[in-house]
Amino acid sequence: MLRQKPFLSSARQKTLPSALPTNFKQGKNMQPNLYHYLNLACAVVPAICLFYYIQKNEFAQTESPRTILRLIRGGIFSAIFAYLIALPLYFLFRWLLGFPYSVLHFFPASAAIGEAAKLFFLKKSFWHSAHFNHEYSSLLYMFLISAGYIAAENVLCIFYPELSLRALLSIPAQLGVSVVCSVFYFNSKLYENHGSTHRRRFHLFLGWFSASVLNTVYNLTIFWARAEFFAVFLVFMAVSFLFAMYIMRQQYEQKIK
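Residues in the sequence shown are numbered consecutively from 8, following the numbering used here.
And the structure:
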């Protein structure tokens, strides 16, 4: 394994924000605190509610084991693809800013690239599938793609002990966020079927943007365990959840009519 450079000089170490965990500055494992558990609950509870609502109102057709394996494998390939693209950015940030700053600036770029990679695989492999015809399909597809993605990502994270806490807490976060963005992706698919190009692109962007922002703020809260970051994550998750519920209720009301 390549030897890493010293994290920061003593002079530059003093310029780090005092709120940044000491263990993280030194490249060591961090211990979870209250904000980590609250963040975890905010990511998981809305996802469970959406999952229950979709399952209650939709006919859940059974996917074949081959399809499930393809989705998980696609998530793994998406993680590797995103990693290869994001790695040069990480080393660039590290060279310009030093280790702690490089990770904190890297999270937005990493989240955006990772969500784009997952969306690319979904569109490339399953977007035009005959089985992609209801909310539950979109939910299941994104859930399994995210499961494969986070599995591969966590394998890559074992080489960085300072990211071990993030690797653990990102499992339910990635899966929870996948449930939220799946609603926007399915709505985009519906608008495509009806020939509405602008609305299709808008909801596709909403799914990618909401997942990227939620993952970014979630990761920042893990390292900067402060009320401000938790509040931002809570508000953005609530807005995404309520908007997703509003979209689904409109769809179900139209079906009843």
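Built from N, CA and C at the ideal position, the CB exists for glycine as well. The structure presented is a predicted model; accordingly, all values stated were derived computationally and were not measured.
Take Gly319 as the anchor and find which of Ile157, Ala93, Leu94, Cys56 has the nearest alpha-carbon. Look at the range of the chain in this structure, 8 to 264, and you will see that residue 319 is not part of it.
Residue ranges of each alpha helix (DSSP H) within the region 125-211, 4 or longer: 142-164, 171-200
For Gly155, count the other beta carbons within 10 Å of its own beta carbon; 16 or more makes it buried, fewer makes it exposed. Which is it? Within the sequence shown, residue 155 is the residue found at index 148, counting from 1. Result: buried.
Do you know how far the Cα of Ser217 is from the Cα of Ser247? For the purposes of this step, residue 247 is identified with residue 240 of the sequence shown, where counting begins at 1. For the purposes of this step, residue 217 is identified with residue 210 of the sequence shown, where counting begins at 1. The straight-line gap from Cα to Cα measures roughly 7 Å.
6 Å CB neighbourhood of Arg209 in its chain, flanking five on each side removed: Counting from 1 along the sequence shown, the entry for residue 209 is found at position 202. For clarity, residue 209 is Phe in the given sequence; the question names Arg instead. Closer than 6 Å at Cβ, skipping near neighbours: no residue.
Using three-state DSSP, classify Ser247 as helix, strand or coil. Numbered from 1 along the sequence shown, position 240 holds the residue referred to as residue 247. Ser247: helix per DSSP, three-state reduction.
For Leu126, which option in Leu241, Leu211, Pro72, Leu182 has the closest C-alpha, if you only look at C-alpha atoms? To locate residue 126, count along the sequence shown from 1; it is residue 119. For Leu126, the nearest C-alpha among the options comes from Leu211.
Nearest to Leu182 (by Cα), restricted to the options Arg206, Phe98, Leu221, Phe88: Counted from its first residue, the sequence shown places residue 182 at position 175. Taking only the C-alpha atoms, the option nearest Leu182 is Leu221.
What's the C-alpha gap between Gly121 and Glu142? For this step, residue 121 is matched to residue 114 along the sequence shown. For this step, residue 142 is matched to residue 135 along the sequence shown. Cα to Cα, Gly121 sits roughly 22 Å from Glu142.
Euclidean distance between Cα positions of Ser85 and Met149: Taking the sequence shown and counting its residues from 1, the one referred to as residue 85 is at position 78. Taking the sequence shown and counting its residues from 1, the one referred to as residue 149 is at position 142. The alpha-carbon atoms of Ser85 and Met149 are separated by roughly 12 Å.
If we call anything under 9 Å between Cβ atoms a contact, is Ala124 one with Phe88? Taking the sequence shown and counting its residues from 1, one reaches residue 124 at position 117. Taking the sequence shown and counting its residues from 1, one reaches residue 88 at position 81. A contact, by the Cβ cut-off of 9 Å.
Measuring straight from C-alpha to C-alpha, what distance separates Lys32 and Arg101? Residue numbering aside, residue 32 sits at position 25 when the sequence shown is read from its first letter. Residue numbering aside, residue 101 sits at position 94 when the sequence shown is read from its first letter. Only weak support is given to the placement of Lys32: the predicted model assigns it a pLDDT of 44, under 50, and the value that follows is read from those uncertain coordinates. Rounded to the nearest angstrom, the two C-alpha atoms are 13 Å apart.
Given Leu78 as reference, the closest of Lys130, Gly214, Ala180 once Cα atoms are compared: Translated into the one-based positions of the sequence shown, residue 78 becomes position 71. Of Lys130, Gly214, Ala180, the residue nearest in Cα terms is Lys130.
Can you grab the Cα-Cα spacing for the pair Ala159 / Tyr225, in whole Å? Locating residue 159 in the sequence shown gives position 152, counting from the first residue. Locating residue 225 in the sequence shown gives position 218, counting from the first residue. Spanning the two alpha carbons is a distance of roughly 19 Å.
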